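Undergrad:
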Amino acid sequence: METASDPFGSADRLPSFFILLAITQIFKGSSVDRDNEGETDTTVLAHAEQQYRHLTLKQQRERLPVFKLRKYSIWRRNRRLHCGLKLTSLTIVGRELLYAVATYQTTIVIGQTGCGKTTQIPQYLEEAGWAKNGKQIACTQPRRIAATSVAQRVADEKNVKLGAEVGYIIRFDDQTSPKTQIKYMTDGMLFRETMIDPLLTNYDVIMIDEAHERSLYTDILLGVLKKIQKKRPDLHVIISSATLDAESFYRFFNHNTSKDTTKDTATIISLEGRMYPVDTLYAEEPLADYVEGAIQTVFDIHTKEPHGDILVFLTGREEIDKVVSEIYDRAKTLPRSSLHIDPLPLYAGLTQEEQLRVFEPTPNDTRKVIVSTNIAEASVTLEGIVYVIDCGFVKIRAYNPKNGMEALLVAPISKASALQRTGRAGRVRPGKSFRLYTEETYNTLRDTTVPEIQRTNLAPVILQLKALGIDNVLRFDFLTAPPAAFMVRALELLYSLKALDDVGRLTIPLGMQLAEFPVDPMLGKILLSSGDFHCSQEMVTIAAMVSVQNIFIQPSRKMDKLAVMDIRRQFWVEEGDHLSLLNVYNGFVQRGGKSGKWCHDRLLNFKALSRAIRIRQQLVRYLKRFKVPLVSAMDGTSLDQDKQRQQASERIRKCLVSGYFSQAARAEPDGSGRFRTIRDGVLLNIHPDSVLFNRDPKCVIYHEIVETNKAYMRDITTIDESWLAELAPHFYQYNNVKKRPPTASH
DNA sequence: GAGCACTGC
Numbered sequence: 001m002e003t004a005s006d007p008f009g010s011a012d013r014l015p016s017f018f019i020l021l022a023i024t025q026i027f028k029g030s031s032v033d034r035d036n037e038g039e040t041d042t043t044v045l046a047h048a049e050q051q052y053r054h055l056t057l058k059q060q061r062e063r064l065p066v067f068k069l070r071k072y073s074i075w076r077r078n079r080r081l082h083c084g085l086k087l088t089s090l091t092i093v094g095r096e097l098l099y100a101v102a103t104y105q106t107t108i109v110i111g112q113t114g115c116g117k118t119t120q121i122p123q124y125l126e127e128a129g130w131a132k133n134g135k136q137i138a139c140t141q142p143r144r145i146a147a148t149s150v151a152q153r154v155a156d157e158k159n160v161k162l163g164a165e166v167g168y169i170i171r172f173d174d175q176t177s178p179k180t181q182i183k184y185m186t187d188g189m190l191f192r193e194t195m196i197d198p199l200l201t202n203y204d205v206i207m208i209d210e211a212h213e214r215s216l217y218t219d220i221l222l223g224v225l226k227k228i229q230k231k232r233p234d235l236h237v238i239i240s241s242a243t244l245d246a247e248s249f250y251r252f253f254n255h256n257t258s259k260d261t262t263k264d265t266a267t268i269i270s271l272e273g274r275m276y277p278v279d280t281l282y283a284e285e286p287l288a289d290y291v292e293g294a295i296q297t298v299f300d301i302h303t304k305e306p307h308g309d310i311l312v313f314l315t316g317r318e319e320i321d322k323v324v325s326e327i328y329d330r331a332k333t334l335p336r337s338s339l340h341i342d343p344l345p346l347y348a349g350l351t352q353e354e355q356l357r358v359f360e361p362t363p364n365d366t367r368k369v370i371v372s373t374n375i376a377e378a379s380v381t382l383e384g385i386v387y388v389i390d391c392g393f394v395k396i397r398a399y400n401p402k403n404g405m406e407a408l409l410v411a412p413i414s415k416a417s418a419l420q421r422t423g424r425a426g427r428v429r430p431g432k433s434f435r436l437y438t439e440e441t442y443n444t445l446r447d448t449t450v451p452e453i454q455r456t457n458l459a460p461v462i463l464q465l466k467a468l469g470i471d472n473v474l475r476f477d478f479l480t481a482p483p484a485a486f487m488v489r490a491l492e493l494l495y496s497l498k499a500l501d502d503v504g505r506l507t508i509p510l511g512m513q514l515a516e517f518p519v520d521p522m523l524g525k526i527l528l529s530s531g532d533f534h535c536s537q538e539m540v541t542i543a544a545m546v547s548v549q550n551i552f553i554q555p556s557r558k559m560d561k562l563a564v565m566d567i568r569r570q571f572w573v574e575e576g577d578h579l580s581l582l583n584v585y586n587g588f589v590q591r592g593g594k595s596g597k598w599c600h601d602r603l604l605n606f607k608a609l610s611r612a613i614r615i616r617q618q619l620v621r622y623l624k625r626f627k628v629p630l631v632s633a634m635d636g637t638s639l640d641q642d643k644q645r646q647q648a649s650e651r652i653r654k655c656l657v658s659g660y661f662s663q664a665a666r667a668e669p670d671g672s673g674r675f676r677t678i679r680d681g682v683l684l685n686i687h688p689d690s691v692l693f694n695r696d697p698k699c700v701i702y703h704e705i706v707e708t709n710k711a712y713m714r715d716i717t718t719i720d721e722s723w724l725a726e727l728a729p730h731f732y733q734y735n736n737v738k739k740r741p742p743t744a745s746h
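Now the structure itself:
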């Protein structure tokens with residue numbers, strides 16, 4: 001709890017986040033702490049909120065907690081932070097942000113969502129004289145939407161045109177110019193820049209925002225930046241983080257090994273968050289069924305609590321659809337006089353129109369209930385939420401290096417996640433958070449979520465690090481190193497793709513080209529050999545299509561299943577999903593005229609297909625640069641139509657085998673419809689969404705695995721098993737003899 | 001007879 005007085009305390013500073021246990025029907029608790037009872041008067045608060053909205057941008061800016069930091073040169077902190085981590089020894093005394101950035105190579109800024117660090121810190125730096133003489137201030141974000149929207153906001157605040165002094169750059173959208181001083185960008189984009197300019201000489205300050213999320217590219221950038229700092233003492237790094245992770249960032253970036261803290265190269269600064277208090281309530285006993293628990297809690301709140309929208313966190317589409325329709329049905333039994341209830345689903349697989357519904361204002365007599373996946377935890381910010389219901393679970397990707405499979409598993413959330421979810425109730429006024437698990441269970445949760453780098457296929461990362469000249473990836477300075485087994489598996493795969501040589505060095509040009517290519521190495525390999533297979537036009541389309549998610553729209557429950565199948569079937573090809581995707585794309589571009597209506601009628605996602613077009617264009621540019629001839633499998637033969645199609649199909653499928661050879665599976669002889677991977681003998685099933693579901697192919701290659709109840713192959717194509725020996729003899733024929741992975745270093 | 005959380009180049 002925050003108890004220390006600070007020099008910035010003022011009337012508009014809101015009480016910090018605190019936890020209250022209270023009693024309701026299924027929830028137990030005891031009141032532990034509460035400052036500021038009067039704040040709960042909702043009418044007063046609504047009024048205050050109204051006033052805040054009418055402030056000018058400048059006034060709003062000056063009210064942000066981070067602004068006050070600027071006016072005081074002395075800032076002393078020596079207290080427990082609200083998450084219980086004691087930072088006394090690390091807390092700097094008497095330094096302000098600008099001084100810290102100028103003095104230390106790395107400054108770690110702790111600040112809650114809404115404290116203004118993302119929008120304000122780059123502006124202060126620029127105003128203080130950074131980003132002069134053609135240098136820039138970079139600020140990275142894990143998501144594109146954040147990079148673009150924050151840049152727009154800052155341009156507005158500075159009253160400049162977006163793309164002039166303030167800009168952003170994300171894939172396919174560069175809004176910067178030679179004038180740009182403050183540049184917001186995705187973390188992946190900055191990492192890409194290190195391949196062109198390894199010392200990132202364009203920048204004098206780099207701020208890694210939302211570092212606590214530990215996205216894959218944020219983690220890699222941290223290691224790379226630490227390396228760059230050794231060669232560029234003039235480069236200043238700011239890491240913005242939540243409280244829990246601050247100490248690990250500090251240890252990572254502080255190169256001072258002596259006890260003399262004046263020699264520290266890193267420091268921590270913490271900022272106040274602008275957050276209303278949220279009462280947290282736990283389930284009294286473990287729930288047998290959190291889906292049912294969520295529904296009941298929604299109606300408990302609806303009948304007993306004052307007005308305010310509800311946000312429910314569940315793990316996936318199936319649960320969400322169920323809860324939404326149950327709420328809808330049961331709402332009919334509410335008395336006529338009561339508040340209406342409007343349940344809305346929210347997950348990434350929805351079309352944009354469906355997603356936008358959650359932002360529509362509700363009438364005064366209606367309570368909105370948004371039932372969401374984790375997308376609402378950090379990616380989407382919802383206004384007006386007063387109640388949060390948290391099931392305590394999340395679907396998370398896990399990588400199994402034994403068989404190279406990425407699985408999607410339902411796992412308990414971390415304490416940091418629980419806090420973040422709870423915080424979603426305190427953005428507009430004091431709220432309540434209902435945790436559908438006991439306090440004892442909460443205490444067993446891990447502090448933070450496992451970083452992405454420790455649960456992902458590392459092949460692309462290793463390739464890119466090697467392209468940066470970091471040959472010895474096993475000894476790369478990771479903030480948290482991925483397990484060695486993940487590294488070994490990735491090195492093995494890269495070796496089999498011939499991206500690495502016998503001693504683990506990047507091959508030229510193949511390995512280097514694969515590192516540059518913005519696709520998975522296996523797919524990159526396919527594209528680079530597609531000229532030889534005489535099908536590069538088709539393959540670049542297929543690559544673009546498998547790179548885009550949610551091409552197919554899930555029909556609503558009301559739609560007739562047979563009708564859905566009829567719509568889907570018009571694109572189907574018996575050879576499998578890759579060729580079917582090619583059909584969808586060609587249909588969209590040629591017959592569909594790239595229109596939204598055409599997509600809608602065929603249950604296709606217009607936005608996804610439009611993105612596929614852009615990705616295809618980008619991949620074509622790479623192929624031209626790599627001197628891969630752009631040819632169509634249908635070109636230049638005088639065969640009749642049928643034979644020509646047959647030949648094209650074979651060319652494309654063989655080309656797929658040239659990269660996906662390690663992901664081949666053979667049908668079990670028992671007629672069960674199950675498969676075993678040829679290399680590891682892992683049992684697999686055909687995904688029900690696949691064209692090949694119930695078609696009994698003998699041998700297939702697949703793009704990826706999703707493991708839910710069973711392990712399913714997705715994006716599957718039939719092949720002739722003899723092609724494996726023909727196209728990947730090094731992997732299959734000699735596999736048992738020559739099974740050594742390359743050494744990691746030279 | 002059964003189903004993908006989220007994000008990035």
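Position 361 (the first sequence) corresponds to 361 in UniProt numbering; numbering is contiguous. Yeah, the Cβ is synthetic: ideal placement off N, Cα and C, and Gly gets one too. Note that this is a predicted model, so its numbers are computed, not measured.
1) How would you call D234, buried or exposed, if buried means at least 16 neighbouring beta carbons within 10 angstroms?
2) Excluding the 5 residues preceding and the 5 following P401 in the sequence, name in chain order all residues of the same chain whose CB lies nearer than 6 Å to its CB.
3) What are the partner residues of T265, as DSSP defines its beta bridges?
4) H578 by DSSP, collapsed to three states: which one?
5) To the nearest angstrom, report how far apart V298 and E305 are at their CA atoms.
6) Does DSSP put P460 in a helix, in a strand, or in coil?
7) Taking all protein chains shown into account, do 16 or more other C-beta atoms lie within 10 angstroms of the C-beta of K525, making it buried, or fewer, making it exposed?
8) Work out the CA separation of G111 and I385 for me, nearest whole Å.
9) Would residue 747 and I370 qualify as a contact pair, given that the criterion is a beta-carbon distance under 8 Å?
10) Rounding to the nearest angstrom, what Cα-Cα distance links Y732 and D174 in this structure?
11) Give me the Cα-Cα distance between K117 and P460, rounded to the nearest whole angstrom.
12) To the nearest whole angstrom, what separates the beta carbons of A294 and C391, a pair I think is in contact under 8 Å?
13) Pop quiz: E707 and L408 are said to be a contact at Cβ under 8 Å. What is the actual Cβ separation, rounded to whole angstroms?
14) Out of S610, L491, I462, which one is the CA nearest neighbour of G223?
15) Going by alpha carbons, who is nearest to P361 out of V657, E383, E353, Y347?
16) Note down the Cα distance separating I567 from I327, rounded to an integer number of angstroms.
17) Taking only runs of the alpha helix (DSSP H) that begin and end inside the segment 526 to 598, which ones reach a length of at least 4 residues, in chain order?
18) Under 8 Å between the Cβ atoms of T106 and A331?
19) Please list, in chain order, all residues of the same chain as D209 whose beta carbon is under 7 Å from its beta carbon, the five residues on each side excluded.
20) One question on the structure: do residue 749 and Y99 come within less than 8 Å of each other, judged by their Cβ atoms?
21) Candidates S215, S337, Q617: which alpha carbon is nearest R171's?
22) Any idea if F359 is buried or exposed, counting beta-carbon neighbours within 10 angstroms, 16 or more meaning buried?
23) Report the three-state DSSP secondary structure of T103 (helix, strand or coil).
24) Are there 16 or more other CB atoms within 10 angstroms of the CB of P729, so buried, or fewer, so exposed?
25) When we look at the beta-carbon of L692 and count the other beta-carbons within 10 Å, is it buried (16 or more) or exposed?
26) Kindly list the residues whose CB is nearer than 8 Å to the CB of Q226, restricted to its own chain and excluding five residues on each side of it in sequence; keep chain order.
27) Report all residues from its chain with a CB closer than 6 Å to the CB of K135; omit the five preceding and five following residues, and keep chain order.
28) Quick one: what does DSSP say G681 is sitting in, helix, strand or coil?
29) Would you say Q537 and F626 are within 8 Å of each other, going by their C-beta atoms?
30) Can you name the start and end residues of the alpha helix (DSSP H) that Y328 belongs to?
31) For P343, which of helix, strand or coil comes out of DSSP?
32) For the segment 437 to 446 and the segment 415 to 425, state whether three or more C-beta atom pairs, one from each stretch, are separated by less than 8 Å.
33) Measuring alpha carbon to alpha carbon, tell me which of R317, I310, Q590 ends up nearest H340.
34) Compare the C-alpha of residue 807 against each of E574, R214, M207, K132 and name the closest.
35) Span of the beta strand (DSSP E) holding F172?
36) Give a yes or no on whether the C-beta atoms belonging to E213 and A378 are separated by under 8 Å.
TA: For this structure:
1) exposed
2) A485, F486, R489
3) Looking at the DSSP assignment, T265 forms no beta bridge with any residue, so it has no partner.
4) helix
5) 10 Å
6) helix
7) buried
8) 21 Å
9) Absent from the structure is residue 747, since the part of the chain shown begins at 1 and ends at 746.
10) 44 Å
11) 32 Å
12) 6 Å
13) 6 Å
14) I462
15) E383
16) 30 Å
17) 536 to 546, 561 to 569, 577 to 586
18) no
19) T118, C139, T140, Q141, S240
20) Given a span of 1 to 746 for the chain in the structure shown, any question on residue 749 remains unanswerable.
21) Q617
22) exposed
23) helix
24) exposed
25) buried
26) Here the sequence assigns Lys to residue 226, which means Gln is not the residue at that position. For K226, where only same-chain residues beyond five positions count, the Cβ hits under 8 Å are F252, F253, D477.
27) D204
28) coil
29) no
30) 317 to 330
31) strand
32) yes
33) I310
34) The question about residue 807 has no answer here: the residues shown for the chain are numbered 1 through 746.
35) Unbroken run through F172: none, as it is neither H nor E.
36) yes
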